[in-house]
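Some notes on the structure that comes next.
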Amino acid sequence: MSEPRDEHEEIIEESQAPRPRRRRSPVVDLAVSALGIYLLVTMFGDLRYWLRGSEPRDLGSAAELMEKGLPDDLDEAYVVLRGTPDIQHAARLKIDERVVSYLRVVEGGGALFAAVDRTADQAPNQFEGVFEGRMRRLGKLRMYPWVESFFNAEGITQSREATADALMRALAGGQPLTITDVEGASFRVGADDRIGLVVELPDAQIQLGRSSFRSLAAAEAAVSALGVPYYRPEKQSNGSFYKLFARIGAGERAAIEARLGEGLELPEKPDASYGVAVLPTTANYYLPAGSIDRDGDRLRLVYGDSTTSTGFAVEGDHLVPRPLEDGRLTFEPAAIRKVHLDRPVRVDPEGYLIAVGETPSTQWMAPLMWAGVLLVVGWNMMSLAWWWRRRQA
């Protein structure tokens, strides 16, 4: 028969019973979930790239790609692209034990770059013109501030040259212009991009040596005797010769030069202060593309605040500075000797960088890591939900 237990024994027995495990704070679940969601977002690009096929998307040549305009769907794509590496401005960066060369694809301006792993036995400035790998949006890269700072500081200028006919065809299509350069490649020009025009004016520049012609009056008298319209600038700043302009066709200039130089004594060594030279006159206009248009079969431009000579017009037996027509000048396309665009290259955050050699198969750990983090986030979210239900009960 069992002995009755007193109250003291019952209290001791209850104190020895196991206590229920205290649940961890929901703040921890919330913090782990937030961190996990952040990791899921940042690792999603790797997962997305792993899901790409094993065959790269062929983008063709960089010139063709830029002519059509960069697509918006190339981020995290496996691609192959052919272009010209800008080895003159390549940057080398050591990352852990790797040496990576960052270089610009010339045809892409500031919108196409490549990152190429290099080994110690490879020549530092030799790269193939084919880039195959993972294409990523420049502005999303952690390296973007460094890439932008380096290449913008290089002061790279992209120069393109075209003919007057190519410019006239582009103007017929309206703004923004798409011009075909002398090498057959097309490039787009915005209304604010500045275009250079080298124009050959119809008048000849006559240089008369100061040692052969003792005064400006003597030089002017010699030109006046030619019987052609001419212009004498008031300011004669060159110390070796006087400079005048005359309406002399290209085919007559050699004969006129011989006529003006007849009987003049010349030194054994060439000296600009002796003799006469009859040269073509050119004007260089550098102005926004939006200020250039067509006037029928002629090229028309807004003169604006330019200080370049407008050329001359015939008035009686003299030449006078050519007046503007509603603030504009017009030229025959045949007078345009060269069309050129010198555009400073700036890194475009909406452009792309190709990590050469990085294929989808190199990201085989991405699905495992992403699934693991997703599991942890799901577990903690369920724990939060359970805590909330108990709190509401």
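Numbering of the sequence shown is given in our numbering, commencing with residue 68 and proceeding in unit increments.
Note that CB positions come from ideal geometry on N, CA and C, so glycine has one too.
Just so we're clear, the structure is a prediction, and the values are computed from it rather than from any experiment.
For this session: Below 8 angstroms on the Cβ atoms is my guess for Lys379 versus Leu386; work out the distance and round it to an integer in Å.
Result: Correcting the residue type first, residue 379 is Phe in the shown sequence and not Lys. That belief holds up - the Cβ atoms of Phe379 and Leu386 are roughly 4 angstroms apart, short of 8 angstroms.
For this session: Would you tell me roughly how many angstroms separate the C-alpha atoms of Asn351 and Ile273, rounded to the nearest one?
Result: Our two residues, Asn351 and Ile273, have alpha carbons roughly 19 angstroms apart in a direct line.
Problem set entry | the segment 196 to 203 touching the segment 272 to 290, judged by at least three CB pairs closer than 8 angstroms | Not touching, per the Cβ criterion.
Exercise. Which first and last residues belong to the alpha helix (DSSP H) in which Asp140 is found?
Worked result: Element bounds for Asp140: n/a, residue is neither H nor E.
For this session: Evaluate Tyr419 with the Cβ neighbour count: other Cβ atoms within 10 Å of its Cβ, from every protein chain shown; 16 or more gives buried, anything less gives exposed.
Result: Per the 10 Å Cβ criterion, buried.
Exercise. Residues in its own chain within less than 8 angstroms of Arg185 by CB, not counting five upstream and five downstream?
Worked result: The residues Arg159, Val166, Val167, Ser168 and Pro191, in chain order, have a CB closer than 8 angstroms to that of Arg185 in the same chain once the five nearest residues on each side in sequence are set aside.
Exercise. When you compare each of Gly363, Arg281, Glu392 and Ser373 to Glu399 by their alpha carbons, which one comes out closest?
Worked result: Among Gly363, Arg281, Glu392 and Ser373, the Cα nearest to that of Glu399 is on Gly363.
Exercise. Under the three-state reduction of DSSP, which class applies to Asn351: helix, strand or coil?
Worked result: In the structure shown, Asn351 sits in a strand (DSSP, three-state: E or B).
Problem set entry | Residue closest to Gly306, alpha-carbon to alpha-carbon, out of Ala325, Arg281, Ala317 and Leu293 | The residue with the shortest Cα to Cα distance from Gly306 is Arg281.
Exercise. Taking the C-alpha atoms as reference points, what is the distance between Val172 and Gly328?
Worked result: Computed Cα separation, rounded: 54 angstroms.
For this session: Taking Pro296 as the reference, give the member of Val444, Gly383 and Thr224 with the closest Cα.
Result: For Pro296, the closest C-alpha among the options Val444, Gly383 and Thr224 is that of Gly383.
For this session: Buried or exposed for Ala258, please, with buried defined as at least 16 other CB atoms from any protein chain shown within 10 angstroms of its CB.
Result: By the neighbour-count criterion, in which 16 or more other beta carbons inside 10 Å mark a residue as buried, Ala258 falls on the exposed side.
Exercise. Using the beta-carbon count (16 or more within 10 Å), is Arg209 buried or exposed?
Worked result: The residue in question, Arg209, is exposed, as its Cβ has fewer than 16 Cβ neighbours within 10 Å.
Exercise. For the putative contact between Arg261 and Leu354, defined by C-beta atoms under 8 angstroms, what is the C-beta separation to the nearest angstrom?
Worked result: Contact flag correct, Cβ pair sits at about 6 angstroms.
Exercise. Can you name, in chain order, every residue of its own chain whose Cβ lies under 6 angstroms from the Cβ of Trp454, other than the five neighbours on each side?
Worked result: Around Trp454: Pro93.
Problem set entry | Residue burial classification, Glu324 (beta-carbon count within 10 angstroms, cutoff 16) | When all chains shown are included, Glu324 counts as buried.
Exercise. Would DSSP call Gly276 helix, strand or coil?
Worked result: DSSP places Gly276 in strand when its eight states are reduced to three.
For this session: If I'm right that Ala182 touches Val423 with Cβ under 8 angstroms, what's the distance once you round it to whole angstroms?
Result: 7 angstroms between Cβ atoms; contact.
For this session: Hey, could you find the ends of the alpha helix (DSSP H) Glu228 is sitting in?
Result: No alpha helix (DSSP H) holds Glu228; the beta strand (DSSP E) holding it covers Thr224 to Ala229.
Exercise. Name the DSSP bridge partner or partners of Arg171?
Worked result: Answer is Phe180, bridged to Arg171.
For this session: Classify Met68 as helix, strand or coil using the three-state DSSP reduction.
Result: Confidence at Met68 is low in this model, with a pLDDT of 47, below 50, so its placement is unreliable and no value can be given for it.
Problem set entry | Secondary structure, beta strand (DSSP E): runs of 3+ residues fully inside the segment 285 to 351 | Taking 3 residues as the shortest admissible run, the segment 285 to 351 contains the following complete beta strand (DSSP E) segments, listed from N- to C-terminal end: 308 to 313.
Exercise. If you follow the alpha helix (DSSP H) that Val214 is part of, which residue opens it and which one closes it?
Worked result: Element bounds for Val214: Tyr211 to Ala220.
Exercise. Where does Asp232 fall in DSSP's three states?
Worked result: In the structure shown, Asp232 adopts helical secondary structure according to DSSP, grouped into three states.
Problem set entry | 6 angstroms CB neighbourhood of Glu180 in its chain, flanking five on each side removed | Reading off the sequence shown, one finds Phe at residue 180, where the question assumed Glu. Within the same chain, and ignoring the five residues on either side of Phe180 in sequence, the residues whose Cβ sits closer than 6 angstroms to its Cβ are Arg171 and Leu420.
For this session: Rank Ala157, Ser358, Leu331 and Glu319 by C-alpha distance to the C-alpha of Asp372 and give the top, closest one.
Result: Ranking Ala157, Ser358, Leu331 and Glu319 by Cα distance to Asp372 puts Ser358 first.
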